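The structure appears right after this line, and notes come after that.
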Amino acid sequence: MSPTKKLAATAAFLASVLVAVPWAIAATGRNDLYYTLTSVALLSIASAGVWLTFYIGRINIGQGAYALIGGYTSAILVVDYGVSFWLTLPIAGLFCAAASVLIGLPILRLRGVYFAMVTLVLTEVARLLALALPITHGASGMVSIPAPGAIRLFGVTLVPDFATLQNPRLAFYIVSVVLMALCYAGLYRLVHSRMGRLCLSLQQNEELASSIGVNIAWLRVVAYAISSFLGGIGGAMFAAIAQSIYPSSFTVTDSVNFMLNCFLGGLGYVFGPMIGTFVLYFGWDFLFQTGEYQLLIYSSLLIALMLFLPNGLLSLRPAAKKRG
Amino acid sequence: MTQLLQVSQVTKRFGGLVAVNDVSFSVAEGEIVSVIGPNGAGKSTLFKVISSFLKPTAGEVRFRGERISGLAPHIVARKGVVRTFQETTIFRGMTVRDNVIIAHHLRSKANLAGFFVGSATARRDEAEFGRSADQILNFLDLGAIKNEVASTLPHGLLRALGIAIGLATDPTVLLLDEPFAGMNHAETKRAVELVRAVRERGVTVLLVEHDMVAVMRISDRIVVLNFGLKIAEGTPAEIQCNPKVIEAYLGSEDETIGLLP
Amino acid sequence: MEQVFANGLYLGAQYALIALGLTLIFALMNVLNFAHGQMYVLGGFITYTVYARLGLPFVVALFASGVTLATVGALIEKFLFRPVIRRSVREESTMLLAAAIAFLLDALILLLFGEKQRGVPKIVKGVFTSDALIMPYDRILVGILAIAFIAAFVLFMQYSKPGRAMRALAQDRVAAQLMGVRVDRYSMIGFALGAMLAGVVGGLLVAITGISSGIGGPISIKAFMMVMIGGAGVVGGAIAGGFILGMLESVGLSALHDYGDITYLVIFAALMVFLSLRPNGLMGKPWG
Amino acid sequence: MINRRSAVTFMALGTASVLSIMAGAFSANAANKELKIGFVGVTSGPAAAWGTSNVRSMQTRAEWINEMGGVKIGGETYDINIITFDDQKDPKRAIAGMEKMAQEGIHYVVGPNVDDGAAAVRPVAEAKGIIYFPYAFPKPLYVAPASNAILGMIANYQSGPAIYKFLKEKKGVKTIAFVAANESDPLSQREGGVAAAKALGLQVVAEKDTYQNDTRDFTPVLTPVVKLKPDLLVLSGVAPGNAPLLIRAARELGYKGLISTETAHDAKVLQEGAGELADGFISVGGASTPEIASDMMKEFVRRYTKKFGEYNDESNTKVYALDYILETLKANPAAINNVEEFKRTVDTFSAPNPYVKGEGKLKYVGTASFGQKRQIAVPMVVNTYKDGKFETLFVGEVD
């Protein structure tokens, strides 16, 4: 795809999510969709991280741990140290990335189901840590976290104080989709640059990759750190929206869902996790009207999808290539 | 002639089993040296020790006088000692050309961040790697299939692709793991020419092999292993009439090829 | 001390039996069956219904659980896993299928059997009491039965024709096929057997801990842990993993009694460290 | 092409979903005017029992009211429509549920069932003008500046001290041990319980023993605790499904003392899970013990049982929320679309309690605990289990 086309596609996407969607919501009065779409955007950011670990050939069921760590990092800085939320957002991501380097160095040597299991256990460890550590305020969680404040530069208000906004949902929505766009643009670029090829070489054959001089241990850690960074960002945003965080805010179920989003969208496609998150989340929301049969219908549809599209939704595309 | 690669008193034990026992030899620049021996002689283990995929229990491997045993495999590769694989180990999901392009990784001048933002160096690198990959593929007669997905190729071409991947790293020493295994006569003949051509490019070749005919035809020198011990070393002519070697091969059940007229 | 040891042993026996079915399915098909816990729950409810509601003998109820789950397992393998495995590019894709099946069973169980915790009348009354050890007789019976089932399973795998075929299949699928093992057939038998084991444990444990609709997921996760400790896809590993986790919980909860809050944190962290040091568990084959 | 194609897919899916959700929203219509009351809580997964007993109580009651011709509020007659949302015990989903309730124009919501969910929905509820009735105990939810949450039951820090005091005085309890699941709600409840016990001068012999909520066999958990031979074993915030297992394990280990909890439980579950071993188990209930249940309560139980096949004693405490909402709206019809009116009414509201015999009142309480009236007054019926039924131990009150 030529650079102009890419630019046009990006612009079209941004225009639709930043202009068309708010317009449609205003026209139909469906204000609850803001939060739903915000959730999708944030969950798909965390899922993008999981997808990247899939891309280096690791099944990651531990993203919930980093979302939780990110959420707590931001909440603690905001509440206990009075740091601006906007500053805590990147700090939360970086803290998760740093933590994931320490954790990743030993566990990334594991493969297949073993890595999957260890990361699953990691989610539970994070929850129990949040319960046990004094700094997280333990079982009683953190509530009444102030809404994100204003960003001012030379007296000009760049971002208004969310607490004063008429419609903070819209503001969160815009921040979230912009973050999502940045995240996927970055991921797309990464996958289509040399690093993506190297990650793919890791996924396909680690021995061969190291024999052609790829520092596989380093590359694995870098990919995992980026993945965890995204998890932390997603978690921090959620803590800000809920204005509260508990040890149970992100659990094993979330970790599993992040992974399922990737599978559903398609492991071979950069935008797979985004589509997967959208469909899974909205699918569940849709079936809200079916009451007690919600889970039954939802799971039946999932099974049907797997039977017909075992390689993910995006494998539907007629010009499907091996690599997205 | 300078000694490029020196294997000194290398021993490798797995639990109680001694796979390689006190083996020493060296490879000079521009040579083609082969390591042969009957099944279970310890060839593969020695090969893995030299390429640093295994750590020796005792002894060491030096490259240009510098100790490389014990270093991570990718660092050894960066120093110029690159191995290919016995199995058809390739990046199965990529096209042939992509397989070779990715193997140019070592030559890259730009760092990953540069590639991410698409810096000038990175773009130059990409273009150059593409050209170089095409050249290597043409050199190995793989040009016609360069856009095929690697997993669809027949066996013989995969072996050539393995060598192409090795060459793309611009190695000083190329370690070939059984490059002729499973090939018929015609294929072997072509592969032998290929290895010679590789040497013509200035690459030193150390290969581990089973197929005696090919080895005799191609090697400058031959090292023979049996039960982990080096039992002989010399030119093909010397090896051919070495009684120890003949005995070793006759003593084993399934190796009778090539040695006796 | 004897009490702690006995608790661990009893816990280990039931854990090992849960892990066996999971590891069998994994060994044969490289499928991590997320729905294992749900199969356990289904087995539990069937035993509950037959024994407590219909008033039939416990053995009959257990048998009903085993047969039903074997049938369910065989159908799931044939109509769901087989086609998906055949057509997906990456074999991990089966994880989504397994998770979806887990959701489906969860939903069905909730609709059919309700949200309440269920229990059955004690199968044996009375408690064995000595100075060092207190153990209800029903626990002793269930523990012995669990060990008997494990032994029967191991013997079956070792000496029966299907058992040998499945072991060959687990060793090397392609080679087994060349040797004339009917891969499809034995995959199905293996899956049915794994599901049956889950159902039988579920039924067996109804006698002690009852059953409730939502615990399938947690049971699966616990079973995963045991399998990883012992080594995925190895029968001996699953048994070892089950007993180790059982002991770990029992000893840990007593030894760390004063720091109660962090007992499970310590157990899980230890598990992570252990796997970092032994990436394939105690006796597992490399996988990746 | 990837980028644009995906964007197109994304947009198409989005449009499709917007359209069909709207189609759903406009389809409801009835002869009487409709009053929608929401429920956001957990009705699937391991904690399904909590929300299910909520939903079923509401549905039973609503059906009953509608059968009687609806509820009359300020000259209009309304049919009650219960809108339920399963948050899967996920606080992120709970927010979505609350948003959905706001979208449906609902101002009164029952739930969520757990601490994290109740805290997470607060910003939405306050922004969108929704009064919600959580079954979660954290005080910050009810203390000003928080204003829209009304505690739907009796908190453990209210019932716990009363129970411990009663047992100390009447049963001679001196030592007490706590066991809790390692999750937020039970741990918080344990902390409250420990503080209350210490304040009463009881000796706390164990306060750190925890278990994973998915534990099936509690013998290892209880072995060290039972060895300490406490007079009273408190199962803080124990889930209904776990209670019989814990009781059975403790008794079979030879524990002879009392066992209590501050949450509501179901007699049938206790009977099936622990049989006679559960005799003497002390828990907090609502109004269905024969001593105090009114005819209306009996009728409620009958209808519930008919509709769902089996009654759940947890509903004894959960029957109240819907009646409180409706009675308060009757008292001040302006509150039907304006929760500020509702908050004003809260301070003075009083109506007869139809579910208990005698002079019981429906009124809002909580001043002692929260500094404002943000709790519904439910008779604090402390029960003890015997032979498959609950018997009233004593009845207390909260202010």
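Protein chains in written order, with this note's numbering: chain A, 1 to 324; chain B, 1001 to 1261; chain C, 2001 to 2288; chain D, 3001 to 3399.
Yeah, the Cβ is synthetic: ideal placement off N, Cα and C, and Gly gets one too.
Note that the structure is a prediction, hence the values are computed from the model and not measured.
Segment limits, alpha helix (DSSP H) that includes residue i
i, result
"Glu3034(D)", "Premise fails: Glu3034(D) lies in the beta strand (DSSP E), Lys3033 to Gly3041, not in any alpha helix (DSSP H)."
"Phe3218(D)", "Counting along the chain, Phe3218(D) falls outside any alpha helix (DSSP H), and DSSP gives it neither H nor E."
"Tyr114(A)", "Gly112 to Ala132"
"Pro3091(D)", "Pro3091 to Gln3103"
"Val1018(B)", "Run containing Val1018(B): none in the alpha helix (DSSP H); it sits in the beta strand (DSSP E), Leu1017 to Ala1028."
"Leu287(A)", "Where Leu287(A) is concerned, there is no enclosing alpha helix (DSSP H), given that its DSSP letter is neither H nor E."
"Met2157(C)", "Tyr2137 to Tyr2159"
"Asp3185(D)", "Ser3184 to Ala3199"
"Val1215(B)", "Met1212 to Ile1218"
"Asp3231(D)", "No alpha helix (DSSP H) contains Asp3231(D), which DSSP labels as neither H nor E."
"Ala3118(D)", "Asp3115 to Ala3120"
"Tyr3164(D)", "Asn3156 to Lys3171"
When the options are compared against residue i, the one with the closest alpha-carbon
i, options, result
"Leu2220(C)", "Asp2106(C), Gly2260(C), Met2188(C) and Phe2156(C)", "Contrary to the premise, residue 2220(C) reads as Ser rather than Leu in this sequence. Per the Cα distances, Asp2106(C)."
"Val121(A)", "Ile61(A), Met180(A) and Met142(A)", "Ile61(A)"
"Pro273(A)", "Thr53(A), Leu208(A), Val143(A) and Leu131(A)", "Thr53(A)"
"Val1223(B)", "Thr1057(B), Lys1244(B), Ser1034(B) and Arg1201(B)", "Ser1034(B)"
"Asp3116(D)", "Val256(A), Ser228(A), Gly112(A) and Ala139(A)", "Ala139(A)"
"Glu3272(D)", "Gly2214(C), Ala2207(C), Gly2252(C) and Ser2093(C)", "Ala2207(C)"
"Phe2268(C)", "Tyr2259(C), Glu2249(C), Ile2101(C) and Arg2087(C)", "Glu2249(C)"
"Gly3358(D)", "Thr3348(D), Pro3379(D), Phe3342(D) and Tyr3364(D)", "Pro3379(D)"
"Ser39(A)", "Gly3097(D), Ala3267(D) and Ile3176(D)", "Gly3097(D)"
"Ala3177(D)", "Pro3138(D), Ser3057(D), Ala3197(D) and Arg3303(D)", "Ala3197(D)"
"Tyr3311(D)", "Gln3059(D), Lys3268(D), Lys3174(D) and Val3226(D)", "Lys3268(D)"
Chain-ordered neighbours of residue i on chain G, where CB pairs are closer than 7 Å
i, result
"Asp3115(D)", "Looking for chain G here will not work: the only protein chains present are A, B, C and D."
Range covered by the beta strand (DSSP E) that runs through residue i
i, result
"Ala3181(D)", "Thr3175 to Ala3181"
"Pro3352(D)", "Ser3350 to Pro3352"
"Ser1008(B)", "Gln1003 to Phe1014"
Contact test: residue i Cβ vs the ligand NAD heavy atom, cutoff 6 Å
i, result
"Val2154(C)", "For the structure depicted, the ligand NAD is absent and the ligand set is empty, with no information on it obtainable."
>> If the cut-off is 8 Å on Cβ atoms, which residues from the stretch 2247-2261 of chain C count as contacting chain D, listed in chain order?
In response: Glu2249, Ser2250, Leu2253, Ser2254, His2257, Asp2258, Tyr2259, Gly2260 and Asp2261
> Three or more C-beta pairs closer than 8 Å, one from the stretch 3086-3101 of chain D and one from the stretch 3035-3052 of chain D: is that the case here?
Replying inline: yes
>> Taking beta-carbon pairs under 9 Å, can you tell me which members of the stretch 2009-2022 of chain C lie near chain D?
In response: Tyr2010, Leu2011 and Gln2014
> When Cβ atoms are compared, which residues of the stretch 2097-2115 of chain C fall closer than 7 Å to chain A?
Replying inline: Leu2097, Ala2099, Ala2100, Ile2101, Phe2103, Leu2104, Asp2106, Ala2107, Leu2108 and Leu2111
>> I'd like to know if the stretch 3133-3153 of chain D and the stretch 3364-3371 of chain D are in contact, where contact means that at least 3 CB-CB pairs between them fall below 8 Å.
In response: yes
>> For the structure I just gave you, are there three or more beta carbon pairs, one from the stretch 147-154 of chain A and one from the stretch 83-94 of chain A, closer than 8 Å?
In response: yes
> What residues from the stretch 3216-3229 of chain D come within 7 Å of chain C, judged by C-beta to C-beta, listed N to C?
Replying inline: Arg3216, Asp3217, Thr3219, Pro3220, Val3221, Thr3223 and Pro3224
> If we count Cβ pairs, one from each stretch, closer than 8 Å, do we get three or more for the stretch 259-266 of chain A versus the stretch 275-282 of chain A?
Replying inline: yes
>> At a CB distance below 9 Å, what residues from the stretch 2211-2222 of chain C approach chain A? Give them in sequence order.
In response: Gly2217, Pro2218 and Ile2221
> Mind listing which residues of the stretch 2125-2136 of chain C have their C-beta closer than 9 Å to chain D's C-betas, in chain order?
Replying inline: Val2127, Thr2129, Ile2134, Met2135 and Pro2136
> Touch check for the stretch 2242-2250 of chain C and the stretch 2073-2083 of chain C: three-plus C-beta pairs under 8 Å?
Replying inline: no
> Between the stretch 232-240 of chain A and the stretch 24-31 of chain A, do three or more beta carbon pairs fall short of 8 Å?
Replying inline: no
> Could you give the uninterrupted runs of the alpha helix (DSSP H) lying entirely in the stretch 11-96 of chain A, keeping only those of 4 residues or more?
Replying inline: 21-28, 32-55 and 63-81
>> Which residues of the stretch 3062-3076 of chain D have a Cβ closer than 8 Å to any Cβ of chain A? Give them in chain order.
In response: none
> Between the stretch 3252-3264 of chain D and the stretch 3232-3243 of chain D, do three or more beta carbon pairs fall short of 8 Å?
Replying inline: yes
> Taking any Cβ of chain C, which residues in the stretch 148-179 of chain A have a Cβ under 7 Å from it, in chain order?
Replying inline: none
> Does the stretch 2214-2231 of chain C touch the stretch 2006-2022 of chain C, meaning 3 or more C-beta pairs lie closer than 8 Å?
Replying inline: yes
> Taking the runs of the beta strand (DSSP E) that are 3 residues or longer, which of them lie wholly in the stretch 3251-3308 of chain D?
Replying inline: 3258-3260 and 3282-3285
> When the Cβ atoms of the stretch 2249-2261 of chain C are set against those of the stretch 98-113 of chain A, are three or more pairs found closer than 8 Å?
Replying inline: no
> What are the start and end residues of each continuous beta strand (DSSP E) run of 3 or more residues lying completely inside the stretch 3046-3098 of chain D, in chain order?
Replying inline: 3071-3073 and 3076-3086
> Given a limit of 7 Å on CB to CB distance, which residues of the stretch 185-198 of chain A reach chain B?
Replying inline: Arg189, Leu190, Ser193, Arg194, Met195, Arg197 and Leu198
> Quick one: complete beta strand (DSSP E) runs, 3+ long, within the stretch 150-215 of chain A?
Replying inline: 151-153 and 156-159
> For the stretch 1013-1033 of chain B against the stretch 282-299 of chain A, are there 3 or more C-beta pairs whose distance is under 8 Å?
Replying inline: no
>> Tell me which residues of the stretch 2145-2175 of chain C have at least one Cβ-Cβ distance to chain A shorter than 9 Å, keeping chain order.
In response: none
> Of all the residues that make up the stretch 109-120 of chain A, which are near chain C by a beta-carbon distance shorter than 9 Å?
Replying inline: Arg109, Leu110, Arg111, Gly112, Val113, Tyr114, Phe115, Ala116, Met117, Val118 and Leu120
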